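*Asks:* This is the structure I have questions about; it appears just below.
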Amino acid sequence: MRQLIFFVLLASLTSVHAQHPALEQHLADYLAKLPSSVKVNYRVESLEGKRYASLRDDERVPSASIIKIPILVEIMEQVKAQRFELTDYYTLQNADKVGGAGTIFQEREGKAFTYEQLAHQMMVASDNTATNILIRKVGREAVNERMKTLGFPNLQLNRVMMDTAAVAKGIENYVNADEINRLLSLIYQRKVATPALCDLMVAFLLDNHDTSTLPSLIPRQVGIAHKTGTLTYIRGDAGIIFTKKPFVISVFVRGTDLNRAETIIAEIGKIAYEALK
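What the sequence shown shows, in mature numbering (1 follows the signal peptide of the UniProt record, and there is no 0), is residues -18 to -1, 1 to 259, in sequence order.
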């Protein structure tokens, strides 16, 4: 009976304004088989904003490294405004170095990186040292103001990476599936910064080294411009899948171990790909 109630509630949550009923139903059937402790947020839509399927897509969730997409957009907007150039150099300081993802923290103090190199490492390797350097360069509040201006108030950068003191106080970075999808669509449509800088952002996203989620069950020849995120309590992925008619998808999973969360994201991605290819 509890499973039946869950399925009915799930169907009601996902049926409003469905634009692809078969995909919606397939995803509902898949999610109904998961343990009740697992919580999934997702949205699948066209790059023009036609919603194919979604579940809790307006719920704010911890972003993990997916917040690096809004940071990247603000970097490119400031480059457009000529506040600095991607070819400008930054000299690494020991005080910049933080652990977690990436390898720049292993480099010697005094090594110079261009801002383009730092931005590339932030996206393809989720490098936390590069990210924090870039946050200081453009300003945390500038990122948030940019997102509000673009219509994305739930994409919030509230702390730098690996800030354990902030985490202990409950300070988090946030996204939701709806708004991160729409931001990715703007990048694809070349509607932020400049067309050339949007193309560079897509190139960075296509070069993502983490293939354990959305790309893992989709044929290798299919391009996926995406950014993953990982915390001990959430695994997420958001990106553009380049089928004949590309679409955008984001998935966030909580309430299970990270390996299982990766499998769930991959399986949702495969279901969406098979329906929309």
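Note that CB positions come from ideal geometry on N, CA and C, so glycine has one too.
For clarity, every value in this text was computed on a predicted model and none was experimentally measured.
Please classify Gln138 as buried or exposed, where buried requires at least 16 neighbouring CB atoms within 10 angstroms.
*Replies:* Along the sequence shown, one-based indexing puts residue 138 at 156. Under this definition Gln138 is a buried residue.
*Asks:* To the nearest angstrom, report how far apart Thr111 and Gly81 are at their CA atoms.
*Replies:* The residue you call residue 111 lines up with position 129 of the sequence shown. The residue you call residue 81 lines up with position 99 of the sequence shown. Answer to the nearest angstrom: the Cα atoms are 7 Å apart.
*Asks:* Would you call the stretch 47 to 65 and the stretch 118 to 126 in contact, with 3 or more CB pairs under 8 Å?
*Replies:* Because the criterion of three Cβ pairs below 8 Å is met, the stretch 47 to 65 and the stretch 118 to 126 touch.
*Asks:* Just to confirm, is the Cβ distance from Leu258 to Tyr34 under 8 Å?
*Replies:* In the sequence shown, residue 258 corresponds to position 276, counting from 1. In the sequence shown, residue 34 corresponds to position 52, counting from 1. In contact: Leu258 and Tyr34 (Cβ atoms closer than 8 Å).
*Asks:* In chain order, what residues of the same chain have a beta carbon less than 6 Å from the beta carbon of Lys21, not counting five sequence neighbours either side?
*Replies:* Position 39 of the sequence shown, counted from the first residue, corresponds to residue 21. Once the five neighbours on either side are set aside, the close Cβ partners of Lys21 are Arg236, Gly237.
*Asks:* Residue range of the alpha helix (DSSP H) that Tyr97 falls in?
*Replies:* To locate residue 97, count along the sequence shown from 1; it is residue 115. Element bounds for Tyr97: 97 to 106.
*Asks:* Going along the chain, which residues of its own chain have a beta-carbon closer than 7 Å to the beta-carbon of Asn23, five neighbours each way excluded?
*Replies:* By 1-based counting over the sequence shown, the position of residue 23 is 41. Counting only Cβ-Cβ distances below 7 Å, and skipping sequence neighbours, we find Leu37, Arg38, Asp39, Glu41, Val43, Ala159, Phe234.
*Asks:* Spatial neighbours of His2 within its chain, please: CB distance less than 7 Å, with the 5 preceding and 5 following residues excluded, ordered by chain position.
*Replies:* Taking the first residue of the sequence shown as position 1, residue 2 is located at position 20. Excluding residues within five positions, the ones whose Cβ falls inside 7 Å are Tyr34, Ala35, Ala257.
*Asks:* Do the stretch 208 to 226 and the stretch 139 to 147 meet, that is, are 3 or more Cβ pairs less than 8 Å apart?
*Replies:* No: fewer than three Cβ pairs fall under 8 Å.
*Asks:* For Asp70, count the other beta carbons within 10 Å of its own beta carbon; 16 or more makes it buried, fewer makes it exposed. Which is it?
*Replies:* Reading the sequence shown from its first residue, position 88 is the one you call residue 70. It is exposed - the Cβ of Asp70 has fewer than 16 other Cβ atoms within 10 Å.
*Asks:* Work out the CA separation of Arg141 and Lys32 for me, nearest whole Å.
*Replies:* Here residue 32 corresponds to residue number 50 of the sequence shown, with the count starting at 1. Here residue 141 corresponds to residue number 159 of the sequence shown, with the count starting at 1. Looking at the two C-alpha atoms, the distance is approximately 33 Å.
*Asks:* Assuming contact is defined by CB atoms lying nearer than 8 Å, are Lys79 and Phe87 in contact in what I supplied?
*Replies:* Numbered from its first residue, the sequence shown carries residue 79 at position 97. Numbered from its first residue, the sequence shown carries residue 87 at position 105. Going by C-beta atoms, Lys79 is nearer than 8 Å to Phe87.
*Asks:* Cβ of Gly152 within 7 Å of any heavy atom in the ligand ZN?
*Replies:* Absent from the structure shown: the ligand ZN. Ligands present: none.
*Asks:* Please report how far the alpha carbon of Val61 lies from the alpha carbon of Leu68, in whole angstroms.
*Replies:* Stepping through the sequence shown from its first residue, residue 61 is reached at position 79. Stepping through the sequence shown from its first residue, residue 68 is reached at position 86. For Val61 and Leu68, the distance between alpha carbons rounds to 7 Å.
*Asks:* Starting from Ala207 and walking both ways along the beta strand (DSSP E), at which residues does that stretch end?
*Replies:* On the sequence shown, position 225 is the one that residue 207 refers to. Counting along the chain, the beta strand (DSSP E) containing Ala207 begins and ends at 206 to 213.
*Asks:* Let me know if Val26 comes out buried or exposed under the rule of 16 or more other beta-carbons within 10 Å of its beta-carbon.
*Replies:* In the sequence shown, counting from the first residue as 1, residue 26 sits at position 44. The residue is buried, with at least 16 neighbouring Cβ atoms inside 10 Å.
*Asks:* Assuming the contact rule is C-beta atoms closer than 8 Å, Gly221 and Leu166 should be a hit. Round their C-beta distance to whole Å, please.
*Replies:* Indexing the sequence shown from 1 puts residue 221 at position 239. Indexing the sequence shown from 1 puts residue 166 at position 184. Their Cβ separation, rounded to whole angstroms, is 7 Å, which keeps Gly221 and Leu166 in contact under 8 Å.
*Asks:* Measuring alpha carbon to alpha carbon, tell me which of Val106, Leu240, Gln171 ends up nearest Leu187.
*Replies:* Indexing the sequence shown from 1 puts residue 187 at position 205. Minimum Cα distance to Leu187 is reached at Val106.
*Asks:* Would you kindly check if the distance between the Cβ of Ile57 and the Cβ of Ala101 is under 8 Å?
*Replies:* By 1-based counting over the sequence shown, the position of residue 101 is 119. By 1-based counting over the sequence shown, the position of residue 57 is 75. Cβ atoms of Ala101 and Ile57: closer than 8 Å.
*Asks:* Roughly how many angstroms lie between the CA atoms of Ile(-14) and Lys15, to the nearest whole one?
*Replies:* As a working mapping, residue -14 is identified with position 5 in the sequence shown. As a working mapping, residue 15 is identified with position 33 in the sequence shown. Low confidence applies to Ile(-14): its pLDDT is 42, below 50, so where it sits in the model is not reliable, and the reading given next is rough at best. Approximately 13 Å between the Cα atoms of the pair.
*Asks:* Apart from the five residues just before and just after Met129, which ones in its own chain have a Cβ nearer than 6 Å to its Cβ?
*Replies:* Mapped onto the sequence shown, residue 129 falls at position 147. So the list reads Pro52, Leu137, once near-sequence residues are dropped.
*Asks:* According to DSSP, is Ile49 part of a helix, a strand, or is it coil?
*Replies:* As a position in the sequence shown, residue 49 is number 67, starting the count at 1. Residue state, collapsed to three classes: helix.
*Asks:* Phe134 and Glu161 - do their beta-carbons sit closer together than 8 Å?
*Replies:* Along the sequence shown, read from residue 1 onward, the residue named residue 161 stands at position 179. Along the sequence shown, read from residue 1 onward, the residue named residue 134 stands at position 152. Contact flag set, yes.
*Asks:* Looking at the structure shown, is Asp70 part of a helix, part of a strand, or coil, going by DSSP?
*Replies:* Residue mapping note: residue 70 aligns to position 88 of the sequence shown, counting from 1. In this structure, Asp70 counts as coil in the three-state DSSP scheme.
*Asks:* Within 10 angstroms of its Cβ, does His208 collect 16 or more other Cβ (buried), or is it exposed?
*Replies:* Along the sequence shown, read from residue 1 onward, the residue named residue 208 stands at position 226. Buried, by the Cβ-count rule.
*Asks:* For Met(-18), which of helix, strand or coil comes out of DSSP?
*Replies:* Counted from its first residue, the sequence shown places residue -18 at position 1. Residue placement at Met(-18) is poorly supported in this model, since its pLDDT is 46, which falls under 50; the coordinates are not used for a value here.
*Asks:* Over the uninterrupted alpha helix (DSSP H) stretch that includes Arg122, give me the two end residues.
*Replies:* Residue 122 sits at position 140 when you count from the first residue of the sequence shown. Unbroken alpha helix (DSSP H) run through Arg122: 122 to 132.
*Asks:* Should Gly251 go down as buried or exposed, given a rule of 16 or more other Cβ atoms within 10 Å for buried?
*Replies:* The sequence position of residue 251 within the sequence shown is 269, counting from 1. Classification for Gly251: buried.
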